[in-house]
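Trainee: First the structure, then my questions, so here it is.
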């Protein structure tokens, strides 16, 4: 065996560690060794570990090219910058995967500040944190997370973007700048009095995520992922219930709004007075019900059998977790109506249980007594829920949206869903839509001009008599549309003032139009009895 | 439209330089590989070409005589290939002798060095057979050292011992090689251009400067298809060939078992649908009656 070549063969790969210099003096012998190492192992991927490779000449390049011909999926890792430069100049980096050597970082003794499905986050110094991936072969994951975090940032979601990839033990980590931040779990655990503040910030961020429209194809579709869980579950549920689970998820319409996918309080950081999202690798698009399934699991689901789970994971107790969940659900849906809250919670649980059961089974949960008991508990609940659930859809009472006229269709569809739910007659639906359009476009055009701000649209439906209330809120310039003089519609067209007609129509259509200015907000309430 | 050979390899070495195939073995391997046009390009000698030509029979692949000169001047080192020359032309004979003389003198100094520094000596018979080699180089001495147990392997012999010998060697100048090839009716081509003497990496402006200098001496072609070239190097070279109207050739640099390069491995797609520079090269040789196509 030559000093320059060390071959390790596992079931997964042929790893060839090269060291020193590969030039015309030894290229021939190196080539003989590497070709002998791969001979007869054509099915295994071949990786050159170049950690100790100092120099490569053209004779060495030829060795690599020949190896590539017998091992088409050849990749080279741990390449130092000099060797990388040669490989890059000569076009080898385009022919095969060439990975640079990474700075080595130790997390020994570092504070763990976050933990997600795919990795753990440690603070390595006062300004920087590193996310260490569970998967040893994490470079593709890191690349993915960088990419989705960048997409999120461009779309206006405050998040930290990694600026470096490092080696941590046998795995990889990505390094982020995160100055003096503390995660929401820590705040909740150490300052129970800040519960309501946490709920407010957490919910606002959640609405912001769900209000973000993602260009098609940029992020994976959560519905497809959930369908995968449901199909897996068919083997573990009675036929009727299994089919129903799949058809319930199939019936959720495609939604191009963002969801985080692992939105728990360890993934929300307070840095100064800014709230930042981290752990972006699960970012997807889809209906918010999929998000709630995962949130339910984080705070309650995983701890239903063993209440200590949430304490171990988040640092606060099960009671705190339940309270937090309920408050977030109420704040998000914009209602305290217990019936409505439980209804949405049950829809979230349907997907949540499917996910947890599948996860536990895949992690050999059925092979231990505790695992079996947990799976039995969740399966029982899931079957009961499937009997009483006919749709996974729910309506929020409130939406926050960028005040831009392009976003009007989303506002109208939001209102439309509520009107449909209370069986509002078609003619009235159209009239209400006209009024809503007038108000929203007005905010879009004038409230923040020339800048763009947010608008909140709230829909309340009261029963007996059925009354629809629409509330539009913006933080823009104070403006009372009700004060605007009605246009003189008796004048011939050419003599009329342009404008003012919209609010006039709104007043005509609705029973009541009330303007208020409070806390720096324009609040316009429209009421209509059906 | 000419009917070009379907699979070609124009750069290989046999026992007359540092390869391991005898002419008969080489011909057999060429036929096994399905190559339809080949050139033997030993270092500084065409002795093997005459042998190969004697062995050729009706129906055998087309053969082109070739040579590879190792050249050096104040600006660097170059390997220059010559194709289709008259092997007996005085200009060729002169340069072969000159090259051989340099090598023999180098061999003598190398053997002296090994004896003085490490105490390695060989039987008179083995030394005589080294001198009898057409082109005795590092591998020949190294092989002998392994046989005598002075080194574990050829590369060990070369790295640990032979390369300790540093001397100002005499080399053929690139303009000498190019002029000799031209004067004997051949076409001079720069071997593995991006790799210089074989162990450098020369790209971009530096490569272009080198080419312009050699074109000034009469260089007519570049080996743009080479077993060790990535697509990027190949494309850069094809670009230079276009810009300067150079011929294009394709070669593996096969050395038998002395290198693991396979015959025919030139990165040139088979089939005869070749880039313009290569078509012009083949047509020119065909017009001169050196190959049939």
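Chains as they are written, first to last, in this note's numbering: chain L, -4 to 525; chain V, 43 to 335.
We treat Cβ as the ideally placed atom computed from N, Cα and C, and that holds for glycine.
Predicted model, so just to flag it, every value in this text is computed and none were measured.
#1: Give the DSSP bridge partners of residue 292 of chain V, in chain order.
#2: Quick check on this structure: which residue in L:410, L:419, L:421 and L:406 has the alpha carbon closest to the alpha carbon of residue 449 of chain L?
#3: Within the same chain, show all residues whose beta-carbon is closer than 8 Å to that of residue 162 of chain V, passing over the 5 residues directly before and after it, in chain order.
#4: I need the straight-line Cα distance from residue 491 of chain L to residue 431 of chain L, nearest angstrom please.
#5: Rounded to a whole number of angstroms, what is the C-alpha to C-alpha distance between residue 48 of chain L and residue 125 of chain L?
#6: Less than 8 Å between C-beta atoms, sequence neighbours within five positions excluded: which residues of the same chain meet that for residue 263 of chain L?
#7: Is residue 31 of chain L helix, strand or coil when you go by DSSP?
#8: Tell me whether the beta-carbon of residue 90 of chain L lies closer than 9 Å to the beta-carbon of residue 222 of chain V.
#9: Could you work out which residues of chain L lie near residue 237 of chain V, taking near to mean beta carbons separated by less than 9 Å?
#10: So, at 6 Å on beta carbons, what are the nonlocal neighbours of residue 327 of chain V in its own chain, with the 5 sequence-adjacent residues on each side left out?
#11: What three-state label does DSSP hand residue 75 of chain L in the structure shown?
#12: Check whether the stretch 467 to 474 of chain L and the stretch 506 to 525 of chain L touch, using three or more Cβ-Cβ pairs below 8 Å as the test.
#13: Taking 9 Å as the threshold (beta carbon to beta carbon), is residue 85 of chain L in contact with chain V?
#14: Any idea what DSSP makes of residue 163 of chain V, helix, strand or coil?
#15: Can you tell me whether DSSP reads residue 491 of chain L as helix, strand or coil?
#16: Express the C-alpha separation of residue 32 of chain L and residue 3 of chain L in angstroms, rounding to a whole number.
#17: For residue 526 of chain L, which residues from the same chain have a beta carbon less than 7 Å from its beta carbon, with the 5 sequence-adjacent residues on both sides left out?
#18: Indicate the three-state DSSP secondary structure (helix, strand or coil) for residue 212 of chain V in the structure shown.
#19: Of all the CB atoms in chain V, is at least one closer than 9 Å to the CB of residue 76 of chain L?
#20: Who are the neighbours of residue 66 of chain L on chain V, taking C-beta pairs under 8 Å?
#21: Would you say residue 219 of chain V faces chain L, with C-beta separation under 9 Å as the test?
#22: Could you list which residues in chain L have their beta carbon closer than 9 Å to that of residue 44 of chain V, in chain order?
#23: Do residue 119 of chain L and residue 102 of chain L have their beta-carbon atoms positioned less than 9 Å apart in this structure?
#24: Give me the chain V residues within the contact set of residue 81 of chain L, using Cβ-Cβ distance strictly less than 7 Å, ordered along the chain.
#25: Could you list the residues in the stretch 276 to 287 of chain V with a C-beta less than 9 Å from some C-beta on chain L, going in chain order?
#26: Enumerate, from N- to C-terminal direction, the unbroken alpha helix (DSSP H) stretches of 4 or more residues contained entirely within the stretch 57 to 88 of chain V.
#27: Run through chain L and tell me which residues come within less than 7 Å of residue 197 of chain V, C-beta to C-beta.
#28: Are the C-beta atoms of residue 1 of chain L and some chain V residue less than 9 Å apart?
#29: Please state whether the Cβ-Cβ distance between residue 294 of chain V and residue 268 of chain V is less than 9 Å.
#30: Cβ of residue 254 of chain L within 9 Å of Cβ of residue 212 of chain L?
#31: What's the C-alpha gap between residue 198 of chain V and residue 61 of chain L?
#32: Establish whether the CB of residue 325 of chain V and some CB of chain L are separated by less than 9 Å.
#33: Who are the near neighbours of residue 335 of chain V in its chain, counting only those whose CB is closer than 7 Å to its CB and skipping five residues on each side?
#34: Going by the beta-carbon positions, is the gap between residue 170 of chain L and residue 158 of chain L smaller than 9 Å?
#35: May I ask you to report which of helix, strand or coil DSSP gives residue 279 of chain L?
Mentor: Based on what the coordinates show:
#1: V:267
#2: L:406
#3: 156, 187, 190, 192 and 203
#4: Reliability of the predicted coordinates at residue 491 of chain L is poor, the pLDDT of 49 falling under 50, and the value obtained from them is presented with this limitation in mind. Their backbone Cα atoms lie some 24 Å apart in a straight line.
#5: 27 Å
#6: 178, 179, 196, 197, 200, 270, 271, 272 and 273
#7: In the structure shown, residue 31 of chain L sits in a helix (DSSP, three-state: H, G or I).
#8: no
#9: Simply 52, 53, 54, 56 and 57.
#10: Leaving aside the five residues that flank residue 327 of chain V on each side, the residues in its chain whose CB is nearer than 6 Å to its CB run, in chain order, 126 and 333.
#11: coil
#12: yes
#13: yes
#14: Note: residue 163 of chain V maps to coil in three-state DSSP.
#15: Residue confidence is low: residue 491 of chain L scores 49 on pLDDT, short of 50, so the model does not pin down where it sits. Its coordinate-derived value is still stated next. Three-state DSSP puts residue 491 of chain L in coil, outside helix and strand.
#16: 9 Å
#17: Past the edges of chain L, shown from -4 to 525, lies residue 526 of chain L, and the structure says nothing about it.
#18: If DSSP states are grouped into helix, strand and coil, residue 212 of chain V belongs with coil.
#19: no
#20: What residue 66 of chain L touches in chain V: nothing, since even the nearest Cβ is about 14 Å away.
#21: no
#22: The premise fails here: residue 44 of chain V is roughly 30 Å from chain L at the closest Cβ pair, so nothing lies under 9 Å.
#23: yes
#24: 243
#25: Considering only beta carbons, the part of the stretch 276 to 287 of chain V lying closer than 9 Å to chain L consists of 276, 277 and 278, in chain order.
#26: 65 to 75
#27: From the beta-carbon of residue 197 of chain V, the residues of chain L found nearer than 7 Å are 20, 21, 23 and 24.
#28: no
#29: Going by C-beta atoms, residue 294 of chain V is nearer than 9 Å to residue 268 of chain V.
#30: In this structure, residue 212 of chain L does not lie closer than 9 Å to residue 254 of chain L by Cβ.
#31: 22 Å
#32: no
#33: 44, 45, 46, 47, 324 and 328
#34: yes
#35: In this structure, residue 279 of chain L counts as strand in the three-state DSSP scheme.
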